[in-house]
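Structure first, commentary second.
Number of protein chains: 2
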Amino acid sequence: MTPDTEFDLHSFLPYLLNRAAEETGLKFQKIYKDRYGMLRTEWRVLAHLGRFGTMTATEIGARAGVHKTKISRAVVRLEQLGFLVRTGNEADRRQEFLGLTKKGQAAYADLSRSAQRFNAELTRTLSEQDQAVLIRCLKHLAAV
Amino acid sequence: MTPDTEFDLHSFLPYLLNRAAEETGLKFQKIYKDRYGMLRTEWRVLAHLGRFGTMTATEIGARAGVHKTKISRAVVRLEQLGFLVRTGNEADRRQEFLGLTKKGQAAYADLSRSAQRFNAELTRTLSEQDQAVLIRCLKHLAAV
DNA sequence: TCGTAATAGTTGATTTTGTAACTAACAACA
DNA sequence: TGTTGTTAGTTACAAAATCAACTATTACGA
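Protein chains in written order, with full-length UniProt numbering: chain L, 1 to 144; chain F, 1 to 144.
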């Protein structure tokens, strides 16, 4: 028999996660939006290529948890901004390798520095232990 | 001088929060979408009215962290579904009290039960301590 | 009490996302 | 080969979110 206590919205994880994600995400969005006119998916693609190097669209999608149509559109935008170049794969002409240009790398360097500062500010008031638990739990919850 | 270590996307809180929120949110979305054809904001408004009782649109917005245009549209939808009624406030004719109908209360009872089960499943593999830390951190991060 | 400012809520235009259908290229196997 | 199935990526259309402007009402100060 399940405990018949009332539902508590304030301990409902999807709600709390969403609130925290929106709150923090929107603040950081201001940075990449104001500075480079980028959208969230564009920042995410840039971050993945900057951090992990050249890869295909499908690979970014799998790693970053982003749908291929969003990737496709983000790639077009990043290309227009001059941040990204495509290189056809001779071995499999369906796919293209996506890599950052000098300009894209500079943008990544700039934004990742800001992200680091932003993250430090966010975690400033959390103990080392809490941070570790939080990160572990979030990864667990994100992993399907 | 700031530590010059490389940026680590996998410990960047806005990213992790977003991934976890999307993953869990989309799964629960299936429930209220399939069962009642509701959108996220509609479920959120229903949940707030069901849990905390009659209040105005602005009040829901402030509590739930949702913009007034979204609330406005969600209220129309919930009204159409027969889940919600408006009562004009005589004392201030700009605002209306929003309350759930019997039908809305039944939907809330149903969905909150599912939410409870869903949450229990999510936290099943987390220790009591981890859950407590996680919830505390999320509330902290969501609180501006 | 008149004029200005502020608040509650709605609406419309624009942007962004989601869904499904599509093209092109490769793989597997009779 | 050829035919069937799968994968990479794009595109078109519908759904939803965002942003700014709008109406109606109340608050406040000269």
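The beta-carbon is built from N, C-alpha and C at its ideal position, and this holds for glycine as well.
Burial state of residue i (16 or more Cβ within 10 Å)
i	result
G82 (chain F)	exposed
residue 145 (chain F)	Since the first residue shown for chain F is 1 and the last is 144, residue 145 (chain F) is missing from the structure and cannot be characterised.
G37 (chain L)	exposed
V75 (chain L)	buried
H10 (chain F)	exposed
G104 (chain F)	buried
H67 (chain F)	exposed
Option in the options with minimal Cα separation from residue i
i	options	result
T101 (chain L)	L:D34, L:T54, L:R19	L:T54
G50 (chain F)	F:A143, F:A106, F:T123	F:A106
T24 (chain F)	L:A120, L:Y15, L:R113, L:K70	L:Y15
R113 (chain F)	F:I31, F:V85, F:E79, F:K70	F:I31
T5 (chain F)	L:I135, L:D130, L:R117, L:D34	L:R117
L78 (chain F)	F:E59, F:V66, F:L39	F:L39
R35 (chain F)	F:Q80, F:L111, F:Q131	F:L111
L84 (chain L)	L:E22, L:Q129, L:H48, L:A91	L:H48
Proximity of residue i and residue j at Cβ, strictly below 8 Å
i	j	result
L138 (chain F)	L17 (chain L)	yes
L98 (chain L)	A20 (chain F)	no
L13 (chain F)	L122 (chain L)	yes
F28 (chain L)	A115 (chain F)	no
T41 (chain L)	Q95 (chain L)	no
A64 (chain L)	R86 (chain L)	no
L126 (chain F)	L134 (chain L)	no
Next on the checklist: Tell me which residues of the region 84-117 of chain F have at least one Cβ-Cβ distance to chain L shorter than 8 Å, keeping chain order.
Outcome noted: S112, R113, A115, Q116, R117
Item to check | the region 46-58 of chain F: positions lying closer than 9 Å to chain L by Cβ | outcome: Along the region 46-58 of chain F, the positions whose C-beta sits under 9 Å from a C-beta of chain L are A47, H48, G50, R51, F52, read in chain order.
Item to check | Residue ranges of each beta strand (DSSP E) within the UniProt domain "HTH marR-type" (10-143) of chain F, 3 or longer | outcome: DSSP runs (the beta strand (DSSP E)) wholly in the UniProt domain "HTH marR-type" (10-143) of chain F: 84-88, 96-100.
Checklist entry - Going along the region 13-25 of chain F in order, which residues come within less than 9 Å of chain L, judged by CB to CB distance? => result L13, P14, Y15, L16, L17, N18, R19, A20, A21, E22, E23, T24, G25
Item to check | Interface residues of the region 63-74 of chain L facing chain F [CB-CB below 7 Å] | outcome: G65
Checklist entry - Going along the region 122-139 of chain F in order, which residues come within less than 9 Å of chain L, judged by CB to CB distance? => result L122, T123, T125, L126, Q129, D130, Q131, V133, L134, I135, R136, C137, L138, K139
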